[in-house]
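617 is the number that my numbering gives the last residue of the sequence shown; the numbers go up by one with no jumps. In what follows, a single structure is set out as structure tokens and then discussed.
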Amino acid sequence: MAKQEDSYDLGLGRSFLKDLLPSIKRYTYHGEEQFFDIFQTEFTHFEASTEASEFLLFHASKEAIETIFNPENEDTSISRFCSSYDLSEQLFLVTMPSGPHGAACDLINTVIREVLTPMNLSTSLQGYVRTITRGHGRGKIPDYGWRPRHGPPGQPSSPSVTLEVALSDSDSKLNSDVRFWLNPDNSDTNICLTLRINRSRPEIRIENWEWQNDKAHRSQVVWITRKKNQTQVSDHPLLIPFESLFRRNPTGPAERDLAISQQQLVFVAEALWEEQKL
């Protein structure tokens with residue numbers, strides 16, 4: 340497999356959801372009953388085939404989208420599966436649940452807090468789960484997100500670092516996520532981590548994206564693979580600048596950039612492969 344170079348830029352001019360690959364099936368929304376008929380059929384297909392996408396795209400009226408993503412409806416059955424929307428394109432995206440997807444979020448959160456423990460900061464982060472960030476006519480719920488619990492005065496409400504996960508060989512969905520989070524019109528997120536899980540073989544890729552020179556810039560790529568019962572990690576540790584996460588400079592010798600070690604990355608990967616039964 341050809342590995343991409345670490346340094347790479349994404350422009351922000353493309354559509355948010357409309358340009359996702361055709362492998363993500365599209366439907367027109369006609370109400371809750373029709374939604375769940377489609378969802379159940381596609382979920383069964385997703386569980387049975389490693390080639391099936393975990394995402395579904397629905398075209399709906401602006402009024403229907405606003406109702407689904409209304410904070411008062413956040414616990415309704417449909418909204419629990421909806422992860423993003425674009426009112427101008429009249430589209431909303433659905434993510435089908437899976438063990439590896441959920442486990443990846445929990446594992447990355449675990450190792451980030453492990454790294455912060457020697458700094459006495461492991462409890463100084465607020466986690467984002469099922470919390471929507473709204474931009475100009477767009478909205479997104481990260482797979483996971485973090486921001487300082489006690490940030491500087493006037494701290495933005497959006498997460499400072501987000502994590503997006505996909506079980507796919509395609510980068511279309513993850514690149515769309517990166518464009519949303521690092522576009523200043525949508526949020527004040529400093530870093531978007533993406534984690535791509537191969538469904539057929541023990542291979543994981545983690546990317547670190549940040550806003551740089553008016554573009555989404557990929558600053559690091561980490562591959563974790565297993566060959567002949569040997570787990571290999573490229574380009575470790577995974578680095579997260581302290582000031583990008585906490586929205587302030589370090590104060591004292593204990594506070595420093597986060598470095599997720601080779602051992603921790605192996606722990607993440609092997610736990611995911613166990614979940615996948617690979």
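Think of the CB as a built atom: it goes at the ideal place given N, C-alpha and C, for glycine as much as any other residue. Note that this is a predicted model, so its numbers are computed, not measured.
Bridge partner(s) assigned by DSSP for residue i
i      : result
Gly466 : Trp485
Ile536 : Leu506, Ile543
Phe519 : Its beta-bridge partners do not exist; DSSP assigns none.
Val433 : Leu395, Cys421
Tyr347 : Arg557
Gln569 : Lys566
Ile530 : Val500, Glu549
Tyr366 : Phe397
Ile599 : Leu577
Thr472 : Lys479
CB contact flag (residue i, residue j, <7 angstroms)
i      : j      : result
Trp548 : Arg557 : yes
Arg461 : Arg452 : Here residue 461 turns out to be Ser, not Arg, going by the sequence shown. In contact: Ser461 and Arg452 (Cβ atoms closer than 7 angstroms).
Ser392 : Ser362 : yes
Leu426 : Gly476 : yes
Thr533 : Glu546 : yes
Asp553 : Leu578 : no
Val504 : Trp485 : no
Cys444 : Val433 : no
Thr470 : Ser526 : no
Val572 : Gln615 : no
Ile404 : Phe374 : no
Trp562 : Arg544 : yes
Leu611 : Ala399 : no
Glu402 : Lys357 : no
Minimum C-alpha distance to residue i - residue among the options
i      : options                        : result
Pro589 : Leu455, Gln551, Gln465         : Leu455
Leu645 : Phe431, Ser573, Arg535, Pro436 : Residue 645 lies beyond the residue range present for the chain, which begins at 340 and ends at 617; the question has no answer from this structure.
Asp482 : Leu506, Asn522, Arg538, Gln494 : Leu506
Gly370 : His575, Phe581, Ile407         : Ile407
Pro487 : Gly478, Ser497, Ile480         : Ser497
Glu390 : Leu617, Ile530, Ser509, Leu430 : Ser509
Met435 : Ser515, Val561, His384         : His384
Glu609 : Ala555, His575, Glu542         : Glu542
Thr570 : Val605, Pro580, Leu584, Ser515 : Val605
Gly466 : Glu381, Gly591, Leu584         : Leu584
Pro576 : Trp550, Val560, Glu582         : Val560
Pro447 : Phe394, Ala555, Gly591, Cys531 : A small correction: the amino acid at residue 447 is Ile; Pro does not occupy that position in the sequence shown. Of the candidates Phe394, Ala555, Gly591, Cys531, the one whose C-alpha sits nearest the C-alpha of Ile447 is Cys531.
Ala387 : Ser437, Tyr368, Glu411         : Ser437
Lys567 : Glu381, Asp516, Leu617, Thr367 : Leu617
Gly591 : Pro457, Asp516, Phe394         : Pro457
Rounded Cβ spacing between residue i and residue j (contact assumed at less than 8 angstroms)
i      : j      : result
Ala598 : Asn459 : Their Cβ separation, rounded to whole angstroms, is 17 angstroms, which puts Ala598 and Asn459 out of contact at 8 angstroms.
Arg565 : Gln494 : Contact doesn't hold; Cβ gap of about 40 angstroms is too wide.
Leu396 : Leu349 : That belief does not hold up - the Cβ atoms of Leu396 and Leu349 are roughly 20 angstroms apart, past 8 angstroms.
Val607 : Val450 : 6 angstroms
Phe519 : Lys479 : 5 angstroms
Buried or exposed (CB count within 10 angstroms, at least 16 for buried), residue i
i      : result
Ser423 : buried
Gln603 : buried
Pro491 : exposed
Gln343 : Since pLDDT at Gln343 reaches only 46, below the 50 mark, its modelled position is unreliable, and the value read off the structure follows with that caveat. Gln343 should be labelled exposed.
His440 : buried
Lys512 : buried
Asn514 : buried
Glu613 : exposed
Glu372 : exposed
Asp524 : exposed
Glu411 : exposed
Asp516 : buried
Met340 : Note that Met340 has pLDDT 37, beneath the 50 cutoff, so the model's placement of it is unreliable and no number is given.
Cβ-heavy atom distance, residue i to the ligand MN, below 6 angstroms
i      : result
Trp562 : Of the ligands one can find in the structure shown there are none, so the ligand MN has no counterpart to examine.
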